[in-house]
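2 protein chains.
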Amino acid sequence: MAKTTEPNRNKRYDPAKPHITETPLTRSNWYKHVNWLNVTLIIGVPLYGCIQALWTPLQWKTAAFAVLYYFWTGLGITAGYHRLWAHTSYKARLPLQIFLAAVGGGAVEGSIRWWSRDHRAHHRYTDTEKDPYSVRKGLMYSHIGWMVMKQNPKRIGRTDISDLNDDPVVVWQHRHYLKVVIFMGLIFPMLVTGLGWNDWKGGFVYAGILRIFFVQQATFCVNSLAHWLGDQPFDDRNSPRDHILTAFVTLGEGYHNFHHEFPSDYRNAIRWFQYDPTKWSIWAWKQLGLAYDLKQFRQNEIDKGRVQQMQKKLDQARAKLDWGIPLDQLPVMEWDDYQEQAKNGRGLIAVAGVVHDVTDFIKDHPGGRAMINSGIGKDATAMFNGGVYLHSNAAHNLLSTMRIGVIRGGCEIRQNLSDRCIHNFIKHIISNYNSYVHQNGEF
Amino acid sequence: MAKTTEPNRNKRYDPAKPHITETPLTRSNWYKHVNWLNVTLIIGVPLYGCIQALWTPLQWKTAAFAVLYYFWTGLGITAGYHRLWAHTSYKARLPLQIFLAAVGGGAVEGSIRWWSRDHRAHHRYTDTEKDPYSVRKGLMYSHIGWMVMKQNPKRIGRTDISDLNDDPVVVWQHRHYLKVVIFMGLIFPMLVTGLGWNDWKGGFVYAGILRIFFVQQATFCVNSLAHWLGDQPFDDRNSPRDHILTAFVTLGEGYHNFHHEFPSDYRNAIRWFQYDPTKWSIWAWKQLGLAYDLKQFRQNEIDKGRVQQMQKKLDQARAKLDWGIPLDQLPVMEWDDYQEQAKNGRGLIAVAGVVHDVTDFIKDHPGGRAMINSGIGKDATAMFNGGVYLHSNAAHNLLSTMRIGVIRGGCEIRQNLSDRCIHNFIKHIISNYNSYVHQNGEF
Ligand code: HEM
Ligand code: HEM
Ligand SMILES: [Fe+2]
Ligand SMILES: [Fe+2]
Ligand SMILES: [Fe+2]
Ligand SMILES: [Fe+2]
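This is the structure:
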């Protein structure tokens with residue numbers, strides 16, 4: 001059985017020798033940096049397919065099968081490689097396991113074992129140096145760059161794949177990967193179209209090569225587009241994002257901010273109207289008895305995450321606005337001084353123990369000059385709060401930006417000062433905290 | 001010149017005599033409760049127009065003019081009656097005033113003076129008994145019921161319309177209202193279509209009566225639909241709401257939650273992509289020198305209102321979720337007791353001074369059983385927070401629901417207890433607040 005430390009696919013890799021990535025890329029050694037196997041599989045073959053397509057007529061039956069097989073092989077990656085093996089977000093009976101391992105192989109994106117190991121590292125070390133396809137290294141890098149260029153296996157974060165090493169389907173597929181790829185990627189679609197309606201070449205070019213190309217590019221988008229385009233409703237400290245477009249391209253893997261926050265959930269989209277055919281398939285398999293133990297994160301925690309992220313954004317918005325001078329930074333005024341200044345023509349108005357300078361606002365007052373003038377030099381708390389007119393929240397907000405002072409306690413508006421009293425009291429406490437704690441052994 | 005107390009239109013109203021609305025509606029007096037003039041104007045005439053339309057061919061020129069005149073008379077109400085006179089949200093030069101008073105009259109919704117008085121009461125006493133068209137009395141009531149049935153003038157909130165009583169255009173239009181209505185509502189459109197392309201009857205039926213009907217129903221929607229359908233981004237204590245549909249019907253008056261919060265703003269919609277042709281017209285008149293002093297509420301206050309309302313909704317959402325037992329309600333545990341229980345097989349894990357029971361979660365742990373087991377009975381604070389794996393926010397949220405106790409100070413994780421220390425300290429302060437204040441004369 002394969003061991004965790006066993007190198008993946010490349011038998012020639014020797015951890016003792018310095019890896020090629022440890023020598024800088026130069027004009028004379030660049031070709032050694034390139035992963036030619038991958039270049040062949042994800043660039044060379046598709047290019048060859050495109051050229052072949054010029055001479056190959058497309059039959060509608062072949063086209064229909066190519067699209068169907070696109071969905072199957074896509075699901076092999078999303079429902080199989082990703083949600084079943086990398087995240088164990090549900091369990092599958094043997095027939096479903098074999099189906100997913102087969103069609104997943106037909107997508108030509110590496111063995112389950114290799115794919116899941118990298119993907120677990122991607123989740124555990126998202127956006128860091130240890131992330132195999134970190135978007136911080138560029139959109140192109142996260143899309144295909146990380147496969148085109150050789151990677152130092154030591155760089156990529158270590159993860160526990162002991163469960164996969166104990167899984168006979170995974171191990172078998174890993175051992176016989178090349179045979180699986182050739183059969184499921186090319187021969188099987190050719191057999192279908194060839195035996196079915198005698199279109200061997202169309203099956204090879206369209207349902208084989210070009211279909212591989214589209215599935216590859218689509219699922220690669222989970223690593224690139226899903227870390228680059230869209231909203232972050234759960235956590236904005238890392239790059240994963242939710243976007244309907246990515247979801248459409250990736251059979252529902254586009255709600256990637258959710259997925260990175262709740263990777264063990266078999267769903268990527270949680271609302272019924274969101275596009276997640278991978279989830280729908282898993283659910284359908286469950287109805288057929290092929291899948292079970294579908295894991296869901298508790299809704300309470302999902303909602304909490306959303307609320308916290310909204311709070312974070314709200315706090316950022318709040319910090320950008322002018323909320324007036326905080327009460328504790330306002331100078332203290334005597335009541336008599338307030339009245340004196342108001343009599344001398346300054347448009348001062350006291351509401352809730354705070355003095356406001358409304359001089360420039362009198363002419364703009366929506367309730368008219370007379371109304372606002374009637375409060376000048378008085379305690380207008382009651383007037384402003386319903387005595388004459390129950391001002392809107394907007395009026396309160398506006399008023400707070402006109403603060404110029406607070407009135408000293410012992411004046412007519414004593415009651416409104418209790419806030420300030422408490423404020424001074426807390427200030428006093430804080431400065432006496434240490435001596436207090438020392439006196440009271442209990443802490 | 002008209003006085004504020006002057007009754008509106010109905011010369012027979014005597015404030016000394018008991019008003020009909022003070023006697024209950026019965027089978028024998030119901031017809032006395034009905035406002036027959038209004039019934040004729042807003043139900044009878046449109047009905048007559050519909051019947052006439054059956055025999056009247058519609059010429060395309062007449063149709064085009066009817067639509068154009070619909071917009072003009074609609075603007076008379078929205079840009080004229082509403083934003084110019086009721087709210088003085090901008091100033092207009094005499095030609096524009098006359099134009100708006102004329103086409104506004106053509107909408108057949110009462111004089112500027114009567115309309116604005118009621119509308120100011122509607123803003124000042126929104127949703128209360130003094131609101132002339134309170135939606136709290138039903139959607140139909142706020143739409144036309146308040147006009148179809150007689151209203152007790154004493155019920156409707158008093159407002160200051162001294163500015164309107166000083167406005168010669170307003171007073172002239174009020175004095176000659178019936179002539180204005182007949183001329184602008186019917187004769188003027190007939191003259192246009194009759195002299196223009198000899199379609200006198202089409203002008204009467206389509207550009208006159210049916211156009212009046214549509215303008216009336218559309219603008220009535222501001223009182224009904226705009227208080228019933230949509231979002232409340234600024235304040236949800238009262239009924240006004242924002243909805244694109246209402247905006248489409250009412251030439252942009254559908255952002256009504258904004259409007260009730262910032263009634264002195266000449267805009268109802270503040271984003272460029274929102275539909276507010278009334279705002280666009282006022283802006284265009286400004287470019288032509290016909291309008292000036294366009295008032296806008298400060299953006300800072302608008303943003304503050306939005307942030308506060310979002311915060312309110314967020315707090316409501318937060319209150320519905322399970323955030324775990326608050327720290328101050330948890331029992332205190334000794335460190336040795338914690339270790340003892342963990343050794344005896346209970347899945348207890350201490351993170352940041354708090355003990356969590358993860359027994360039921362071990363099998364579900366996305367990082368595997370071995371990982372989580374390695375923290376049991378230990379201080380797992382560092383492990384959980386990056387030492388082994390930097391858990392997501394979701395994991396922290398989940399953890400908090402598993403709280404069962406806090407560890408007594410003086411244990412290994414002393415530092416994490418400072419929160420609890422402060423908590424006890426504040427508790428102490430609160431219970432000693434009164435005696436503290438009395439000792440310290442300064443307050
Ligand atoms: C204390 C004396 C004041 C009185 C008696 C008073 C009275 C009124 C009245 C009667 C209205 C209603 C106008 C209408 O809808 O027809 C009004 C509106 C308004 N007043 Fe005052 N006002 C006073 C002070 C102030 C001050 C100091 C501000 C400064 C922020 C202010 C801001 C507003 C605003 C923004 C409105 C528009 C409607 C609203 O947002 O609630 N008022 N006022
Ligand atoms: C203290 C010992 C613990 C260790 C060493 C540990 C380790 C790990 C590791 C390594 C992963 C990453 C799995 C992967 O992506 O492959 C993980 C994931 C996770 N762990 Fe733990 N864990 C511990 C305790 C807990 C506890 C007590 C909870 C309870 C809430 C928890 C909740 C989770 C969750 C929800 C994940 C999924 C990824 C995430 O949301 O961050 N862990 N843990
Ligand atoms: Fe990702
Ligand atoms: Fe994933
Ligand atoms: Fe309204
Ligand atoms: Fe209004």
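Chains as they are written, first to last, in the UniProt record's numbering: chain A, 1 to 443; chain B, 1 to 443. Using N, Cα and C, we set each Cβ at its ideal position, and we do this for glycine too.
Continuous beta strand (DSSP E) stretch holding B:Arg-403: start and end: In the second sequence, residue 403 of chain B corresponds to position 403, counting from 1. Start and end: 403-407.
Considering only heavy atoms of ligand 8 and the C-beta of each residue, which residues fall inside 6 Å, strictly closer? Questions concerning ligand 8 fall outside what the structure shown contains, since the ligands it does hold are ligand 1, ligand 2, ligand 3, ligand 4, ligand 5 and ligand 6.
Bridge partners for B:Lys-91 per DSSP, in chain order? The residue given as residue 91 of chain B occupies position 91 in the second sequence. Within the DSSP bridge table, the entry for B:Lys-91 names B:Tyr-292 as partners.
What residues of chain B sit near A:Ser-264, judged by a beta carbon separation below 7 Å? The residue you call residue 264 of chain A lines up with position 264 of the first sequence. By Cβ distance, chain B contributes Pro-366.
Whole runs of the beta strand (DSSP E) within the UniProt domain "Cytochrome b5 heme-binding" (330-408) of chain B, excluding any shorter than 3 residues: 348-351, 354-357, 403-407
Given that B:Arg-318 touches chain A, what residues does it touch there, using C-beta distances under 7 Å? Position 318 of the second sequence, counting from 1, holds the residue named residue 318 of chain B. Per Cβ cutoff of 7 Å: Val-307.
Taking only three categories from DSSP, how would you classify A:Tyr-81? Here residue 81 of chain A corresponds to residue number 81 of the first sequence, with the count starting at 1. Note: A:Tyr-81 maps to helix in three-state DSSP.
Taking 7 Å as the cut-off, does the CB of B:His-256 come closer than this to any heavy atom belonging to ligand 5? For the purposes of this step, residue 256 of chain B is taken as the residue at position 256 of the second sequence. Yes.
What residues match up with A:Asp-242 in a beta bridge as DSSP calls it? Start at 1 with the first residue of the first sequence, and residue 242 of chain A comes out as number 242. Note: A:Asp-242 sits in a beta bridge opposite A:Asp-231, A:Tyr-255.
According to DSSP, is A:Val-34 part of a helix, a strand, or is it coil? Locating residue 34 of chain A in the first sequence gives position 34, where the first residue counts as 1. In this structure, A:Val-34 counts as strand in the three-state DSSP scheme.
Quick check on A:Asp-14: buried or exposed, where buried means 16 or more other Cβ atoms within 10 Å of its Cβ? In the first sequence, the residue the question calls residue 14 of chain A occupies position 14. Burial check for A:Asp-14: the Cβ neighbour count within 10 Å stays below 16, so the residue is exposed.
Determine, using beta carbons only, whether A:Asn-300 and B:Leu-321 come nearer to each other than 8 Å. Counting from one through the first sequence, the residue named residue 300 of chain A turns up at place 300. Counting from one through the second sequence, the residue named residue 321 of chain B turns up at place 321. Taking 8 Å as the Cβ cut-off, A:Asn-300 and B:Leu-321 qualify as a contacting pair.
Regarding B:Pro-240 and ligand 5, is the C-beta to nearest heavy atom distance less than 7 Å? Along the second sequence, one-based indexing puts residue 240 of chain B at 240. Yes, the Cβ of B:Pro-240 comes within 7 Å of a heavy atom of ligand 5.
Which residues in the same chain have their Cβ closer than 7 Å to the Cβ of B:Leu-96, if we skip the five residues on either side of it in sequence? Taking the second sequence and counting its residues from 1, one reaches residue 96 of chain B at position 96. Closer than 7 Å at the Cβ level, and outside the excluded window around B:Leu-96, lie Trp-285, Leu-290, Ala-291.
Have a look at A:Leu-245, A:Pro-263, A:Lys-295 and flag the residue whose alpha-carbon is nearest the alpha-carbon of A:Gln-274. The sequence position of residue 274 of chain A within the first sequence is 274, counting from 1. Checked all of A:Leu-245, A:Pro-263, A:Lys-295; the closest Cα to A:Gln-274 is A:Leu-245.
Evaluate the contact criterion for the segment 158-176 of chain B versus the segment 28-44 of chain B: three or more CB pairs, one atom per stretch, below 8 Å. With the cut-off at 8 Å, the segment 158-176 of chain B and the segment 28-44 of chain B do not touch.
Within 10 angstroms of its Cβ, does A:Arg-113 collect 16 or more other Cβ (buried), or is it exposed? Taking the first residue of the first sequence as position 1, residue 113 of chain A is located at position 113. By the 10 Å Cβ count, A:Arg-113 comes out buried.
Measuring only between beta-carbons, confirm whether A:Ala-291 sits less than 8 Å from chain B. Within the first sequence, residue 291 of chain A is the residue found at index 291, counting from 1. A:Ala-291 does not count as touching chain B.
Against chain B, does A:Glu-261 count as a neighbour if the rule is that its beta carbon must be under 8 Å from one of theirs? Along the first sequence, read from residue 1 onward, the residue named residue 261 of chain A stands at position 261. Yes, A:Glu-261 lies at the interface with chain B (some Cβ there is under 8 Å from its Cβ).
Neighbourhood of A:Thr-26 by C-beta, 7 Å cutoff - its chain only, sequence neighbours within 5 removed: Numbered from its first residue, the first sequence carries residue 26 of chain A at position 26. Once the five neighbours on either side are set aside, A:Thr-26 has no close Cβ partner at all.
With burial defined as no fewer than 16 other Cβ atoms inside 10 Å of the residue's Cβ, what is the status of A:Glu-261: buried or exposed? Indexing the first sequence from 1 puts residue 261 of chain A at position 261. Buried: at least 16 other Cβ atoms inside 10 Å.
Between which residues of its own chain and A:Ile-161 is the CB-CB distance below 8 Å, once the five residues before and five after are set aside? Numbered from 1 along the first sequence, position 161 holds the residue referred to as residue 161 of chain A. Same-chain partners within the cutoff: Thr-4, Arg-113, Ser-116, Arg-117, Arg-120.
Run through chain B and tell me which residues come within less than 9 Å of A:Phe-297, C-beta to C-beta. Counting from one through the first sequence, the residue named residue 297 of chain A turns up at place 297. Residues of chain B with a Cβ closer than 9 Å to the Cβ of A:Phe-297 are, in chain order, Ala-394, Leu-398.
So with Cβ pairs under 8 Å, would you call A:Tyr-389 a contact of chain B? Counted from its first residue, the first sequence places residue 389 of chain A at position 389. Using a CB distance cut-off of 8 Å, A:Tyr-389 counts as an interface residue toward chain B.
Among residues of its own chain, excluding the 5 on either side of A:Leu-210, which ones have a beta-carbon nearer than 8 Å to its beta-carbon? The residue you call residue 210 of chain A lines up with position 210 of the first sequence. So the list reads Pro-46, Gly-49, Cys-50, Ala-53, Ala-66, once near-sequence residues are dropped.
Range covered by the alpha helix (DSSP H) that runs through A:Val-108: Working through the first sequence from its first residue, we reach residue 108 of chain A at position 108. Here A:Val-108 belongs to no alpha helix (DSSP H), and DSSP marks it neither H nor E.
Apart from the five residues on each side of it in sequence, which residues of its chain come closer than 7 Å, Cβ to Cβ, to B:Arg-124? Mapped onto the second sequence, residue 124 of chain B falls at position 124. Only Gly-157, Thr-159 meet the Cβ criterion.
Taking a Cβ distance cut-off of 7 Å, strictly less, list which residues of the segment 121-137 of chain A are near chain B, in chain order. Arg-124
Which term fits B:Met-140, buried or exposed, when burial requires 16 or more other beta carbons within 10 angstroms of its beta carbon? Here the question's residue 140 of chain B lines up with position 140 in the second sequence. B:Met-140 is exposed by the Cβ-count criterion.
Compute the minimum distance between the beta carbon of A:Ala-102 and the heavy atoms of ligand 4, and state whether it is under 7 Å. Residue numbering aside, residue 102 of chain A sits at position 102 when the first sequence is read from its first letter. False, no ligand heavy atom lies under 7 Å from that Cβ.
Given 8 Å as the limit, is there contact between the segment 363-377 of chain B and the segment 266-281 of chain A, that is, 3 or more CB pairs closer than that? no
Anything in the segment 72-84 of chain A with a Cβ closer than 7 Å to a Cβ of chain B? List those residues in chain order, please. Those would be none; no residue qualifies.
Taking any Cβ of chain B, which residues in the segment 208-241 of chain A have a Cβ under 7 Å from it, in chain order? Asp-235
Applying a beta-carbon distance threshold of less than 8 Å, which residues of chain A neighbour B:Leu-314? Within the second sequence, numbered from 1, the residue matching residue 314 of chain B stands at position 314. Correct list: Val-307, Met-310, Gln-311, Leu-314.
Would A:His-227 and A:Ser-89 be called neighbours here (beta carbons separated by less than 8 Å)? Indexing the first sequence from 1 puts residue 227 of chain A at position 227. Indexing the first sequence from 1 puts residue 89 of chain A at position 89. Using a Cβ distance threshold of 8 Å, A:His-227 and A:Ser-89 do not count as a contacting pair.
For my contact list, B:Arg-403 and B:His-356 are in at a C-beta cut-off of 8 Å; report their separation, rounded to the angstrom. Position 403 of the second sequence, counted from the start, is the residue given in the question as residue 403 of chain B. Position 356 of the second sequence, counted from the start, is the residue given in the question as residue 356 of chain B. With a Cβ gap of about 6 Å, B:Arg-403 and B:His-356 count as contacting.
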